[in-house]
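Structure record follows, encoded as structure tokens.
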Amino acid sequence: MSFARITEKTYCPFAKRSQMGPGITLRTADVEQELFRHREVVADFFRTAAETSRDGMVVTFEDPSLGATLDALVDLTRRFYTTLAGMFPSVYIPDDPRPDERWYAMIEGELFFVVSFAPCYPETSPRYTHGDDRTYFLLQPASTFERNAEAIDRQREGIHRAFAAVGKPYDARLANTENDMFKAVMPIDPIDRHIPWWDAEAGPAGA
152 MSFARITEKT YCPFAKRSQM GPGITLRTAD VEQELFRHRE VVADFFRTAA
202 ETSRDGMVVT FEDPSLGATL DALVDLTRRF YTTLAGMFPS VYIPDDPRPD
252 ERWYAMIEGE LFFVVSFAPC YPETSPRYTH GDDRTYFLLQ PASTFERNAE
302 AIDRQREGIH RAFAAVGKPY DARLANTEND MFKAVMPIDP IDRHIPWWDA
352 EAGPAGA
């Protein structure tokens, strides 16, 4: 399995035809050190994403423990964003984010957010990895949504219905939340809650 195979199995038409930039693979649990070594690859992707019409960049975490449980994924997400914030001054994590407030995380002038796919997600989740024990972070630049804004608006409800029809419900309120921080980690059950991955004191899975 690979992230490309995962997108082939999704019910989102935009994912199936997306054009990805060069990805990076982190092979150990030392996320901070490994990610820093890829700083220029990350910077170059966001520097050129708009002009090359790239829809995303995939970060692959090979250590199975990093996404084996929802709690582990929450911890990984916080570590990942904290490391990015140390690498790029334009990435920041507010102390008390609100779902209705816009969050501006930026690298090389490109706004972006992260969507996670991990083995902790069951078959009923849109973030399911189909038996792959690796974890994937999809870094999506804002320019891809600007290019496809009209098509996304036309197909949004149909996409949600398609996921629901195959038993993979997607919380529309989460998808439409203004603050992209809240989309990084998708809850499992119930699906209509927010997981504050940025809060190390929040407890298991943001409880």
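Per this note's numbering, the very first residue in the sequence shown carries number 152; after that it's consecutive.
Here a beta-carbon is modelled for each residue, glycine too, at the ideal position from N, C-alpha and C.
Remember, it's a predicted structure, so these values are computed and weren't measured experimentally.
May I have the straight-line CA-CA distance separating residue i from residue j, to the nearest angstrom?
i	j	result
Gly218	Tyr255	26 angstroms
Thr228	Ser153	20 angstroms
Cys271	Glu259	32 angstroms
Tyr162	Pro277	The predicted model places Tyr162 with a pLDDT of 48, which falls under 50 and marks its position as unreliable, so this point remains unresolved.
Met332	Ala236	14 angstroms
Phe212	Arg198	23 angstroms
Ser204	Asp195	13 angstroms
Pro215	Asp284	5 angstroms
Asp343	Ala353	17 angstroms
Val242	Glu274	32 angstroms
Ala351	Thr286	20 angstroms
Gly428	Arg156	This structure leaves residue 428 out entirely; the chain is present only between 152 and 358.
Asp247	Tyr279	29 angstroms
Pro240	Ala180	24 angstroms
Looking at the strands, I want to know which residues DSSP matches up with residue i.
i	result
Tyr287	Thr211 and Phe268
Pro240	In the DSSP output, where bridge partners are listed per residue, Pro240 has none listed.
Glu261	Ile258
Pro248	Partner(s): none; Pro248 has no beta bridge.
Pro292	Phe263
Using C-beta distances below 7 angstroms, list every residue in its chain close to residue i, excluding the 5 sequence neighbours before and after it, in chain order.
i	result
Ala356	Leu221, Asp222, Val225 and Ile346
Arg249	Asn330
Thr176	Thr211 and Glu213
Thr328	Pro250 and Lys334
Val336	Leu224, Val225, Thr228, Ser267, Ile346 and Trp348
Glu297	none
Using beta-carbon positions only, say whether residue i and residue j come within less than 9 angstroms of one another.
i	j	result
Asp206	Met171	yes
Val182	Phe231	yes
Val209	Leu289	yes
Lys334	Phe264	yes
Arg190	Met238	yes
Trp349	Pro245	yes
Leu325	Pro338	yes
Please state the DSSP three-state secondary structure of residue i.
i	result
Glu191	helix
Thr199	helix
Met412	Here the chain covers residues 152 to 358 and nothing more, so residue 412 does not appear.
Thr176	strand
Asp206	coil
Tyr162	Low per-residue confidence applies at Tyr162: pLDDT is 48, beneath 50, and the placement is therefore not dependable enough to give any value.
Thr233	helix
Glu185	helix
Val225	helix
Ala356	helix
Gly282	coil
Short of 8 angstroms in beta carbon distance, which residues of its chain neighbour residue i, apart from the five on each side in sequence? Order them along the chain.
i	result
Ala201	Glu261, Pro292 and Ser294
Ser169	Thr158, Asp206, Gly207 and Thr295
Thr234	Val182, Glu183, Leu186 and Phe187
Spatial neighbours of residue i within its chain, please: C-beta separation below 6 angstroms, excluding the five flanking residues on both sides.
i	result
Glu252	Asn330
Can a CB atom of chain D be found closer than 9 angstroms to the CB of residue i?
i	result
Arg198	Although the question refers to chain D, the structure presented lacks it and comprises just one protein chain.
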